[in-house]
Amino acid sequence: MEFYRKKAIPHLKTKASGVGLSFAELKRCMKSIVRGSLIGVIIGAIPGTGATAAAFISYSDARRRSPNRANFGKGEVEGVAAAEAGNNGVAGATLIPLLSLGIPGDVITAIILGAFMVHGLTPGPLMFQENLTLIYALFIGIMCSSVILLVVGNAAIKYFSLIADIPKSVLFPLC
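Mapping of the sequence shown onto full-length UniProt numbering: position 152 corresponds to residue 152, and the numbering continues sequentially without gaps.
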């Protein structure tokens, strides 16, 4: 616990009114977001790579292409947006090898594979012929959940940013 007290920075008060991106920042980051998402989809389609690899590759690509590389590592919005877009792009893409080949790409898709098999469904090439309505329902569910997540995330972002006001001694577990 002494280690955390020595490393603690003075308590900073933050305001939750300035959270979120302005339209100008969103416009500036759009290329990095699209590129990061595409990298995430490509990495996610490869079994066993994961979201961490996609986030790092997306971040390094955004840093390499950015005209202001010096600000990366200091909270540059473009780098954060690219890394998160790569991270999020993996989620849906891990279903590609699962549904088409029956190969889980990560732990979550292995659990989904187990759930399919418990219900008598065998993922693979025949799944698209035998259970096409299930595939459509799965993709519609993913799209609906993405929209719901966007709405809930935008509504709750002010409250999530208040976590920065919690002292580090409270956030770190007691030894």
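Even for Gly, the Cβ is constructed at its ideal location relative to N, Cα and C.
Item: Cβ-Cβ distance between Asn87 and Ala45 below 8 Å; Value: no
Item: Complete runs of the alpha helix (DSSP H) confined to the region 18 to 68 [at least 4 residues]; Value: 23 to 44, 51 to 65
Item: Endpoints, alpha helix (DSSP H) assigned at Pro97; Value: 95 to 101
Item: Contact the region 127 to 137 vs the region 58 to 66: 3+ CB pairs below 8 Å; Value: no
Item: Beta carbon of Gly89 nearer than 8 Å to that of Gly36; Value: yes
Item: Local Cβ density within 10 Å of Cys29, reported as buried at 16 or more and exposed below that; Value: buried
Item: C-beta contact flag for Ile142 and Gly92 at 8 Å; Value: yes
Item: Burial state of Pro104, where buried means 16 or more other Cβ atoms lie within 10 Å; Value: buried
Item: Alpha carbon of Ile108 to alpha carbon of Leu95, nearest angstrom; Value: 10 Å
Item: Short Cβ contact (8 Å threshold) for Ile42 with Ala53; Value: no
Item: Pro167 versus Ile157 - alpha carbon distance; Value: 19 Å
Item: Cβ neighbour criterion (16 or more within 10 Å) applied to Ile163; Value: exposed
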